[in-house]
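Participant: Before anything else, here's the structure in question.
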Amino acid sequence: MRVFICEPLFKARCTRYGKNVHTGAAIHWVQGSGQLILGDHVTIDGRCNFFFAVRYAEEPTFLIGDYSGVGHGCSFVVGRRIEIGRHCRFGSNIQMFDTPGHPVEPVARLNGEPARPEDVRPIVIGDNVWVGSSSVIYPGVVIGEDSVVAMGSVVVNSVPPRVVVAGNPARQIARVEPAPRTVNA
């Protein structure tokens with residue numbers, strides 16, 4: 186099923202994908218129009234959701250770098266851009282959205298207005314980042330290379346390189362040593 190149905194259907198929705206891209210045995214949901222770009226040796230496991238909100242950008246873009254993997258049940262809402270680096274690992278049920286989806290102001294919500302354009306901010310995940318299961322990453326967050334986001338964290342602010350963050354809201358709890366740059370170059 187994976188080889189004959191799931192992977193071909195998902196790859197058909199990709200703007201571009203590299204070699205050795207694999208999916209799990211479930212069909213991913215891709216809604217809306219946007220660029221879905223996957224590097225080499227990427228794995229998108231289980232059933233993941235990709236929602237493109239074209240009201241904020243002509244071509245919202247989801248980009249994931251080489252040797253990265255995403256676990257089952259992850260959801261990505263892309264109004265402008267979500268960029269994931271190389272060698273990243275994502276646990277299951279992670280939510281990332283670069284748009285709040287609706288305005289914060291009560292009157293604007295009652296009127297059915299969309300979120301303000303300035304509230305739609307790209308998310309950038311550096312190389313070799315590990316995000317634990319059930320974490321949530323908010324608009325405008327930048328996570329520095331070699332960092333770890335502990336399971337269940339709510340990341341509302343950017344994370345510097347080579348740290349571990351945890352909690353709601355996520356706060357730095359430790360530092361990590363930089364990774365050697367010779368692994369799977």
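Residues in the sequence shown are numbered from 186 upward in steps of one, following my numbering.
Cβ atoms here follow ideal geometry from the backbone N, Cα and C, with glycine treated the same way.
1. What is the rounded straight-line gap between the Cα of ARG201 and the Cα of LEU223?
2. So does the stretch 290 to 301 actually touch the stretch 268 to 280, counting three or more Cβ pairs closer than 8 Å?
3. Please classify GLU330: does DSSP put it in a helix, a strand, or coil?
4. Can you grab the Cα-Cα spacing for the pair GLY258 / GLU243, in whole Å?
5. Three Cβ pairs or more, each shorter than 8 Å: is that satisfied between the stretch 347 to 358 and the stretch 301 to 311?
6. May I ask which residues mark the beginning and end of the alpha helix (DSSP H) holding ARG294?
7. Suppose you measure from the CA of ARG265 to the CA of VAL361; what does that come to, to the nearest Å?
8. Given this structure, state the Cα-to-Cα distance separating VAL305 from TYR323, to the nearest angstrom.
9. Please say whether GLY203 and ASP230 have beta carbons closer to each other than 7 Å?
10. For LEU221, does the count of other Cβ atoms within 10 angstroms reach 16, so buried, or fall short, so exposed?
11. Rounded to the nearest angstrom, what separates GLY337 and ARG301 at their Cα positions?
12. From ASN205 to GLU192, what does the alpha carbon distance come to, in whole angstroms?
13. For ALA210, count the other beta carbons within 10 Å of its own beta carbon; 16 or more makes it buried, fewer makes it exposed. Which is it?
Facilitator: In short:
1. Mapped onto the sequence shown, residue 201 falls at position 16. Mapped onto the sequence shown, residue 223 falls at position 38. So the alpha carbons of these two residues sit roughly 6 Å apart.
2. Taking a cut-off of 8 Å on C-beta distances, the stretch 290 to 301 does not touch the stretch 268 to 280, as fewer than three cross pairs fall below it.
3. Working through the sequence shown from its first residue, we reach residue 330 at position 145. The DSSP-derived three-state label of GLU330 is coil.
4. Within the sequence shown, numbered from 1, the residue matching residue 258 stands at position 73. Within the sequence shown, numbered from 1, the residue matching residue 243 stands at position 58. Distance between the alpha carbons of GLY258 and GLU243: 27 Å.
5. Flag = no, the stretch 347 to 358 and the stretch 301 to 311 do not touch.
6. The residue you call residue 294 lines up with position 109 of the sequence shown. That run of the alpha helix (DSSP H) goes 291 to 295.
7. By one-based count along the sequence shown, residue 265 stands at place 80. By one-based count along the sequence shown, residue 361 stands at place 176. So the alpha carbons of these two residues sit roughly 31 Å apart.
8. Taking the sequence shown and counting its residues from 1, the one referred to as residue 305 is at position 120. Taking the sequence shown and counting its residues from 1, the one referred to as residue 323 is at position 138. Answer to the nearest angstrom: the Cα atoms are 10 Å apart.
9. Counted from its first residue, the sequence shown places residue 230 at position 45. Counted from its first residue, the sequence shown places residue 203 at position 18. ASP230 places its beta carbon 7 Å or farther from that of GLY203.
10. Translated into positions along the sequence shown, residue 221 becomes position 36. Buried.
11. Along the sequence shown, one-based indexing puts residue 337 at 152. Along the sequence shown, one-based indexing puts residue 301 at 116. Cα-Cα distance, rounded: 28 Å.
12. Residue mapping note: residue 205 aligns to position 20 of the sequence shown, counting from 1. Residue mapping note: residue 192 aligns to position 7 of the sequence shown, counting from 1. Roughly 11 Å separates the two Cα atoms.
13. Residue 210 sits at position 25 when you count from the first residue of the sequence shown. So ALA210 counts as exposed.
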